[in-house]
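Chemist: Mind having a look at this structure? Questions to follow.
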Amino acid sequence: MPFSNEFMDNPHADRVRHVARLSKAKARQRSGLFLVEGPQSVRELVTYEPQLVKDLYIQAHADYQDAQDEGEAASEVVTRILEHPHIRDMYVHYVSPEVMMQMSQDAQGIVAVADLGRMKSNSSDLAAMVQKRQENEPIRLAAFWEIRDPGNAGTVIRAADAAGCDAVIFVGNCVDASNPKVVRSTVGSLFHIPLIRMATDTFFTTMKDAAINVTAADVHGVEGQQSESLPELVNSESLGKDSMAVLFGNEARGLSDDILRRCQKIVYIPMYGKAESLNLATSAAIMLHTLAMSSHVGRI
13 MPFSNEFMDN PHADRVRHVA RLSKAKARQR SGLFLVEGPQ SVRELVTYEP QLVKDLYIQA
73 HADYQDAQDE GEAASEVVTR ILEHPHIRDM YVHYVSPEVM MQMSQDAQGI VAVADLGRMK
133 SNSSDLAAMV QKRQENEPIR LAAFWEIRDP GNAGTVIRAA DAAGCDAVIF VGNCVDASNP
193 KVVRSTVGSL FHIPLIRMAT DTFFTTMKDA AINVTAADVH GVEGQQSESL PELVNSESLG
253 KDSMAVLFGN EARGLSDDIL RRCQKIVYIP MYGKAESLNL ATSAAIMLHT LAMSSHVGRI
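Just so we're aligned, residue 13 is where the sequence shown starts under my numbering, counting upward by one.
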């Protein structure tokens, strides 16, 4: 394991400042690196995308015995990370609590610096994914148009992962997925499922070329195309046979009429209580899981 022999205890060192700056978008763009904070997120990074890891920083005491002393790990999860087979090829640095706090206030004892460039995906990656699938096996995608809130973005990535979606697509001008709050909110799901960014026109062209139907999540529908309820969609004969991308809109504005007209179906979640609506993250979790359950266990 390529441990660093030097215990890092100077919170003003250049390396510490470089890591701390990755909380800013410009620094991430310039360096091509991003932060992964916290034991759970780092564990999933090390397990599923080890090739992305550049450096691991682990909080420890200054009197640790040597580079192999794993007893100083901040938690049991960190200890398990250090025991993972992939760790042998990673640079591990022990740092003081002051250094860790300077690097990240949300690290909980461990932070990773990861390669941003190797995480980027685009429409060609999706096309390759579609080609690899068997003809009788439908694609399931979760797409989000101009999602802006980092916490929402991370939560919907996690929901799509839990629902078994094949990929998440950010359509149009969306939040930066390497934003630390996005990464933290996914709790590691960012490293389980491909995240693809597309312009709006590219998204619809790609879906058409791949024979993937786009189902919009919207209450009102648009002139000439009414919105059907989620239970109606679940009980339709075609569900489960055709590939589908479920498209969710911006937190404040939803989906524009122009976007809705380009979708094959429009679906809404019925309200059975007094609440007028649900927020984006809740709506995405309900709709994606309902569709996933119907495809796994039959009609609900």
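We treat Cβ as the ideally placed atom computed from N, Cα and C, and that holds for glycine.
1) Please classify Asp67: does DSSP put it in a helix, a strand, or coil?
2) May I ask whether a heavy atom of the ligand SAH can be found less than 7 Å away from the beta carbon of Met210?
3) Roughly how many whole angstroms lie between the Cα atoms of Gly83 and Val90?
4) Identify whether Gln237 lies in helix, strand or coil by the three-state DSSP scheme.
5) Grouping DSSP H, G and I as helix and E and B as strand, with all else coil, what is Lys36?
6) Evaluate Gly236 with the Cβ neighbour count: other Cβ atoms within 10 Å of its Cβ, from every protein chain shown; 16 or more gives buried, anything less gives exposed.
7) Are there 16 or more other CB atoms within 10 angstroms of the CB of Tyr280, so buried, or fewer, so exposed?
8) In terms of residues, what are the limits of the beta strand (DSSP E) holding Asn185?
9) With respect to the beta strand (DSSP E) encompassing Phe260, which residues constitute its N-terminal and C-terminal limits?
10) Per DSSP, which one or two residues make a beta bridge with Tyr106?
11) Under 8 Å between the Cβ atoms of Phe203 and Glu61?
12) Start and end of the alpha helix (DSSP H) containing Phe325?
13) In the structure shown, what three-state DSSP assignment does Ser193 receive?
14) Taking three-plus beta-carbon pairs below 8 Å as touching, is the region 190 to 200 in contact with the region 213 to 227?
15) DSSP state of Phe156, grouped into three classes?
Modeler: In this structure, then:
1) strand
2) Among the components of this structure there are no ligands whatsoever, and the ligand SAH is therefore not found.
3) Its pLDDT being 40, under 50, Gly83 is placed unreliably in this model, and the value from its coordinates should be taken loosely. Approximately 10 Å between the Cα atoms of the pair.
4) strand
5) Correct three-state label for Lys36: coil.
6) exposed
7) buried
8) From DSSP, Asn185 is part of no beta strand (DSSP E); its letter is neither H nor E.
9) 256 to 260
10) The partner list for Tyr106 (beta bridge, DSSP) reads Ile70.
11) yes
12) The chain is shown from 13 up to 312; residue 325 falls before or after that span and cannot be answered.
13) Here residue 193 turns out to be Lys, not Ser, going by the sequence shown. Helix at Lys193.
14) no
15) It is a strand residue.
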